[in-house]
Structure formats: C-alpha cells, structure tokens
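Those letters in the sequence shown? Residues 1 to 200, per UniProt numbering, in order.
Heads up, the beta-carbon is just placed ideally off N, CA and C, and yes, glycines get one too.
From a predicted model like this one, the values you see are computed outputs, not experimental measurements.
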Amino acid sequence: MTRIAFVRHGQTPWNATDRFQGSSDIALNDFGRAQAGRAASWFLDNLPDAQWDFVRHSPLSRAAETAAIIADTLSVDKRIPLPSLTERDWAAAEGLTFEQCLELWPKMAEVDEFAARELIPGAEPKSLVVERGRYCVSTLVDQFPEAQVIAATHGTLMRLTLTDFFGAQMGFVPNTGIVVMDAQRVDGDLSVNLVAKSWA
C-alpha cells in the first residue's frame, strides 16, 4: 500500500486573474506561498502520525515551490520532480481568461464550462491527461511500495485523474486542495481508497 497525497499548487498571478496556465511556467505569488504554508499545517494537524517519505512534484515552478514549502515544514528531504505531474497543456488558451476564450471560440458558449474546455483548439486531449495521471499513480505505487508520498501538482490533472479513479466528478480543484488516498495493485490493477480531503 502506498499513501499518496495530491496537492494542487498555491495561487499564482494568473490564478488571481482567472487565466489558463497549463504548461506555462508561472511562479507563485505571495498569497500562494502563504497557502502552501497552510497546506503544510493541514498535514500536521490532520495527519499528525504520518511519516512522509518523499515529495514528488511537477517540474513547473509553481508546483515545485509549493512542494518545497510543504517539504520544509514536514522535514522531508527527498524531493524529486516527476514529469507526469505536469499540468494539461491548454495550447492557444494559455494566458487567456475564459471570457476571452469565448470571444475567440464562440462554440464554447453552447455547452457547460467543463465541456467548453474540450473545445479549445490544440489543447492536450483529456484522455491523455487521465492516462498520464494514472501513470503517475502507477509509478508511485511501483517505486515506493509501503511509502507515504506527497505529490504537488495542478488542478486539471488532479480533477481528471481523481474523477477517473473515484467515478464521481471532483469539480474544480482549489489552490492547495488536497486529496489523500491509499493505492495498491490488486490482481495487477490499480486500486485506490480515499483517506482524506481538504477543499478549502
């Protein structure tokens, strides 16, 4: 059994203005750094007996810095980037607000917001994001059996991957939203169980 805690990164200037970030490397703002500190405190307050062995993180700086703040607080020395934790590539939408996207691609206004995102030209297909997220969990289970791992990542990757695992729509993941789960292989297939969730 591997315990995995997915954590979305803290706020960035683009989050504050509701812009698509995706693969763009946007750093945390001061509020985002404070959020990361509060996320670290959540682990101490809600899982006080946990012994976190590793912190893995998306190579993008906003997730890497979130990971570093949490790792420093929890005294985890082993911090390693994991490319499969990178956010969905939003292609031409990166840097734009949803309203600007509607102006460029009016058909997005004909469906709900989740479906509209699938109409962004050149965006990484949802199926590939889910496949990448499942590969990430598979990698952590295989590399770190019996370990406890914090994975600092991004909102869309978390939403799509966890929706796929748990079979229910997770909704938009807030900055420093946390989902803790236990994962293992059962007859060769991944099996996950929800342990805790912080959606503040």
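According to the DSSP assignment, I80 belongs to the beta strand (DSSP E) that extends over 79-81. Rounded to whole angstroms, the gap between the alpha carbons of P13 and M158 is 20 angstroms. Per DSSP, reduced to three states, the secondary structure at Q148 is strand. In the three-state DSSP reduction, T153 falls in the strand class (E or B).
Distances from the CA of T153 to each of R56, R117, Q184 were compared; the closest alpha carbon is that of R56.
Between L194 and F166 the beta-carbon gap is near 7 angstroms, inside 8 angstroms, which marks them as a contact.
In the DSSP assignment, Q184 forms a beta bridge with S191.
Fewer than three beta-carbon pairs drawn from the segment 104-113 and the segment 174-184 are found closer than 8 angstroms, and the two stretches are therefore not classed as touching. In its chain, beyond the 5 residues on either side, R88, D89 have a beta carbon closer than 7 angstroms to the beta carbon of E124. R79 has its alpha-carbon roughly 8 angstroms from the corresponding atom of A68. Considering only V76, L128, A50, L82, the residue with the shortest C-alpha distance to L60 is L82.
Of the candidates E118, F54, R33, T163, F54 places its Cα closest to the Cα of V149. In the DSSP annotation of this structure, R56 is not part of any alpha helix (DSSP H); the continuous beta strand (DSSP E) holding it starts and ends at 54-57.
Here I4 has V137, L140, V149, A151, M181, A183 as same chain residues with Cβ atoms under 7 angstroms from its own Cβ, once five neighbours each way along the sequence are excluded. Around the Cβ of F172, a 10 Å sphere holds fewer than 16 other Cβ atoms; the residue is exposed.
In the three-state reduction of the DSSP assignment, S75 falls in the coil class, being assigned neither a helical nor a strand state.
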